[in-house]
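Mind the numbering: the sequence shown is residues 313 to 813 in my numbering, read in order.
For reference, the structure discussed in these notes is given below.
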Amino acid sequence: MIINIFVVILLTLVSYIIYFVIKYPDRAIGTKARPELKGPRGFPILGNFVSLLRSRGFMYYLLDLLDKYGPCFTFTLPVKGRFIMINDPQLLDHMLKTNFESFEKGDILHELMYDLFGDGIFGVDRDLWKFQRRTISRLFQERNYKDFIYASIVRKSETVLNILRRCADNGNPIDLQDLFYRFTLDTLGDIFFSTDFCCLTSPEKPVQFAIDFDHAQRIIDWRLEQSLWKFIELYSERGRQIRKSSQVLDSYVYNMINSRRADIKAEKEPNDLLTWFINAVDKDGETLDDKGLRDVILNLIIAGRDTTAQALSWMMYSIMTHPSVEDSLLNEINSILSQNTPIPLYDDVKQLFKYTKATFYETLRLYPSVPKNLKVCTKDNLLPNGVPVYANEFVVWVPWAMGRDKKIWGEDAQVFEPQRFLDDEDLLRPQNQSRFIAFHAGPRTCLGQQFATIEVIILVTMMLKEFKFELVPGQKSPPEFQTSLTLPMKEPLMAKVSRRF
Numbered sequence: 313m314i315i316n317i318f319v320v321i322l323l324t325l326v327s328y329i330i331y332f333v334i335k336y337p338d339r340a341i342g343t344k345a346r347p348e349l350k351g352p353r354g355f356p357i358l359g360n361f362v363s364l365l366r367s368r369g370f371m372y373y374l375l376d377l378l379d380k381y382g383p384c385f386t387f388t389l390p391v392k393g394r395f396i397m398i399n400d401p402q403l404l405d406h407m408l409k410t411n412f413e414s415f416e417k418g419d420i421l422h423e424l425m426y427d428l429f430g431d432g433i434f435g436v437d438r439d440l441w442k443f444q445r446r447t448i449s450r451l452f453q454e455r456n457y458k459d460f461i462y463a464s465i466v467r468k469s470e471t472v473l474n475i476l477r478r479c480a481d482n483g484n485p486i487d488l489q490d491l492f493y494r495f496t497l498d499t500l501g502d503i504f505f506s507t508d509f510c511c512l513t514s515p516e517k518p519v520q521f522a523i524d525f526d527h528a529q530r531i532i533d534w535r536l537e538q539s540l541w542k543f544i545e546l547y548s549e550r551g552r553q554i555r556k557s558s559q560v561l562d563s564y565v566y567n568m569i570n571s572r573r574a575d576i577k578a579e580k581e582p583n584d585l586l587t588w589f590i591n592a593v594d595k596d597g598e599t600l601d602d603k604g605l606r607d608v609i610l611n612l613i614i615a616g617r618d619t620t621a622q623a624l625s626w627m628m629y630s631i632m633t634h635p636s637v638e639d640s641l642l643n644e645i646n647s648i649l650s651q652n653t654p655i656p657l658y659d660d661v662k663q664l665f666k667y668t669k670a671t672f673y674e675t676l677r678l679y680p681s682v683p684k685n686l687k688v689c690t691k692d693n694l695l696p697n698g699v700p701v702y703a704n705e706f707v708v709w710v711p712w713a714m715g716r717d718k719k720i721w722g723e724d725a726q727v728f729e730p731q732r733f734l735d736d737e738d739l740l741r742p743q744n745q746s747r748f749i750a751f752h753a754g755p756r757t758c759l760g761q762q763f764a765t766i767e768v769i770i771l772v773t774m775m776l777k778e779f780k781f782e783l784v785p786g787q788k789s790p791p792e793f794q795t796s797l798t799l800p801m802k803e804p805l806m807a808k809v810s811r812r813f
C-alpha cells in the first residue's frame, strides 16, 4: 500500500515536471513566451538561472549579454520572471519620464532590499516616495547651501587636507577610497543629522558601522541573481552576516533617533533633516515612527556616502592616470585660487570651475555610481521600438555600458575626455538625462546632484591645489569594481602624496 502511494506521488511529480518542461522549454516557469525578442536560450523551467550562476555576478552577466545581443534583449529567472534590457536613451526616456507611472520598484525589489533600506525612498513608490522626496528636498534649497552646507563641506575638507599633510610629511601612501568614504560619511552626518561619525578623527581605525553597511549592500546585490535567496540565507553565512550587520546598523541608528527625540522634548533640537522628518506629517496626518525614521536614515547614508565617495575615487584614479587632465585642472584651479586663498568660495564653486565639473561628469559617464538599475512594469506598455512590456516584467538598464557605447558617445566613448562636456567657449553643454544617466532621469532624478557636485569640487580643488598624487606601483589599472548596489573599487586605491609648495 505504501509503495503504491509512493509510486502515485512519483508519477504525479514526473508528470508535472514533463508538463512544465513542455510548457516552458527555454524559459523560467511562469513567464510568457517572447519569441520576437533576442536573448540567450534558457533551460526548461529554470530559464537563464544556470548561466547566471556560472557568471561572475549579475553585473558581469548583463555586460556579457549586452556585448552579444545589443541594447535590447530578454532573459528569464525563476521567481523573478522576465527581464527586458532597455539600454537606449529613447527607451529610457519613455520609461523614466513619459510613462513614469507605469514602472515602479515593485514588491520583489522592495522585499530583497528590505533588510537594509526598509520603506526608505530607494525601495518605495507612490505616496510614501513622494512624502520622503518632498521632505528631503527642503534641505537642498539655495539658502541652506549658503547658510551651512558649504561651510560644513569646507570644514571636513580641511580635515582631509590635514590627514594628507601628515602622509606627505612621513612618506606613507594612503588609501584614497577609504579616505573618501570617511569624508562623505562625516560630511553627511554633520549636514543631515548634526552627528559626528568621527571617521576622519581616527583615520587608521576601522569604522564598524561602515563595514556592516557595505556587507549588507553586497548581500542585497547578490539577492538580485538568486531566486531562492530567502531559503539560502536561512542556513548560510550570508544570512548570518546580514542579520548581524542589520543589528549593528539598527543599534546605531535607533540610538541616534532616541537622542534626537530627547533633544526635541527638551526643545534644543538642531534644525536639520532628521528633525524635519521627525516632525513631518504625511497626507493622512501621520508622522513616521522609529522604524520609518531608521529606513529614511539608511537610505540617506547610501545616497550621501557611497555614491560620492566612489565617484571621488574613480575621479582621482582618472586624474592620476591622465596627466593632461591634471594639467588642465591645475590651470583652472590656479586661475581661481591663490596660496593666500586656497579655499574656493561658494559662488566660484557654482559658476567658475567648469573644467573641474566636466571632469566629475566624465568620471560619472564611465564610472556611474549606480552601474545597473531595474524597475517592474505595472501595466502593459509599448516601448518606442515596438517591443511590448507586459505587467510584472522587469526592465533593466546598465549606465556603465551606456557610458561606453559608441552609438551614444561617439568613437572615443571609452576615452576619458572631460572636454566632451564643454562647448567651444568652455561652457558646460546641456545634457539629455536619458543619455547621461548618472543622476537618473524624470521624477526620480537625484535630489543630491548639486550637493554632490559642490562637495566634489570643493574637496578636489583643495586637494589638487596643495598636493600631487601618484598611484602606488603594482596596482591593477584600471581598478576592478566590487559587485554591489553601487560601484566601489574592489581593492584599495593606494596613492603617494607630495606637497606642491
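Note that beta-carbon positions come from the ideal geometry of N, C-alpha and C, so glycine has one too.
Open item on the list: Which same chain residues end up closer than 6 Å to Gly435 when comparing Cβ atoms and leaving out the 5 residues on each side of it in sequence?
Closed with: Lys417, His422, Met425 and Phe429
Open item on the list: Is the separation between the beta-carbon of Phe728 and that of Glu792 shorter than 8 Å?
Closed with: no
Open item on the list: Could you tell me the alpha carbon to alpha carbon distance between Leu586 and Leu497, rounded to whole angstroms?
Closed with: 15 Å
TODO: State buried or exposed for Pro383, treating a residue as buried only when at least 16 other CB atoms are found within 10 Å of its CB.
DONE: buried
Open item on the list: Taking the beta carbon of Arg572 as the centre, do at least 16 other beta carbons fall within 10 Å, making it buried, or is it exposed?
Closed with: buried
Open item on the list: Just verifying my parser: in three-state terms, what is the DSSP assignment at Ala750?
Closed with: coil
TODO: Can you check the stretch 649 to 698 for any beta strand (DSSP E) of at least 3 residues that lies completely inside it and give the ranges in chain order?
DONE: 685 to 689
TODO: Would you identify the three-state DSSP class for Lys517, choosing helix, strand or coil?
DONE: coil
Task: Own chain residues within Cβ distance below 7 Å of Met757, not counting five before or after - done: Checking the sequence shown, residue 757 turns out to be Thr, not Met. Correct list, in chain order: Gln745 and Phe751.
- [ ] Return the chain-ordered list of same chain residues with a C-beta closer than 7 Å to the C-beta of Thr620, the five sequence neighbours on each side being excluded.
- [x] Thr496, Ala764, Glu767 and Val768
Task: Three CB pairs or more closer than 8 Å across the stretch 792 to 808 and the stretch 539 to 550 - done: no
Open item on the list: Within 8 Å, do at least three Cβ pairs link the stretch 694 to 713 to the stretch 392 to 405?
Closed with: yes
Task: Secondary structure, alpha helix (DSSP H): runs of 4+ residues fully inside the stretch 443 to 492 - done: 462 to 482
- [ ] In angstroms with no decimal places, state the Cα-to-Cα distance between Leu374 and Val710.
- [x] 8 Å
- [ ] Starting from Thr386, trace the beta strand (DSSP E) both ways and give me its first and last residue.
- [x] Thr386 to Leu389
Task: Cβ separation of Val565 and Ile609, assumed to be a contact under 8 Å, to the nearest whole Å - done: 5 Å
TODO: Could you name the residues that DSSP lists as bridge partners for Leu358?
DONE: Ala340
Open item on the list: Assuming contact is defined by CB atoms lying nearer than 8 Å, are Val466 and Arg494 in contact in what I supplied?
Closed with: no
TODO: Counting only the same chain and skipping the five closest in sequence on each side, list residues whose C-beta sits under 8 Å from that of Leu825.
DONE: Nothing about residue 825 can be reported from this structure: the residues present for the chain run from 313 to 813 only.
Task: Cβ pair Pro356, Val391 closer than 8 Å - done: no
TODO: Return the first residue and the last residue of the beta strand (DSSP E) that Glu782 is part of.
DONE: Phe779 to Leu783
TODO: Measure the CB-CB distance between Leu440 and Asp427 and report whether it falls below 8 Å.
DONE: no
TODO: Mind listing, in chain order, the continuous alpha helix (DSSP H) runs of no fewer than 4 residues lying wholly within the stretch 551 to 582?
DONE: none
TODO: Write down the C-beta distance between Leu678 and Arg716 rounded to the nearest angstrom, noting that I regard them as a contact closer than 8 Å.
DONE: 7 Å
Open item on the list: Going by DSSP in three states, Ala725 sits in which element: helix, strand or coil?
Closed with: coil
TODO: Drop a sphere of 10 angstroms on the beta-carbon of Ser557, count the other beta-carbons inside from all chains shown, and report buried for 16 or more, exposed for fewer.
DONE: buried
Task: Burial state of Glu598, where buried means 16 or more other Cβ atoms lie within 10 Å - done: exposed
Task: Helix, strand or coil at Phe395 [DSSP, three-state] - done: strand
Task: Collapsed DSSP secondary structure at Arg438 in the structure displayed - done: helix
- [ ] Over the uninterrupted beta strand (DSSP E) stretch that includes Arg811, give me the two end residues.
- [x] Met806 to Arg811
Task: Beta-carbon contacts of Ala345 that lie in its chain and below 8 Å, excluding the five residues immediately before and after - done: Arg339
Task: Residues bridged to Met801 [DSSP beta-bridge criterion] - done: Phe793
TODO: Can you tell me which of the three DSSP states Glu742 falls into?
DONE: Reading off the sequence shown, one finds Pro at residue 742, where the question assumed Glu. The answer is coil: DSSP assigns Pro742 none of H, G, I, E or B.
- [ ] Could you pull the start and end residues of the alpha helix (DSSP H) that Val326 belongs to?
- [x] Ile314 to Lys335
TODO: Identify whether Val707 lies in helix, strand or coil by the three-state DSSP scheme.
DONE: strand
Task: Extent of the continuous alpha helix (DSSP H) to which Asp602 belongs - done: Asp602 to Ile613
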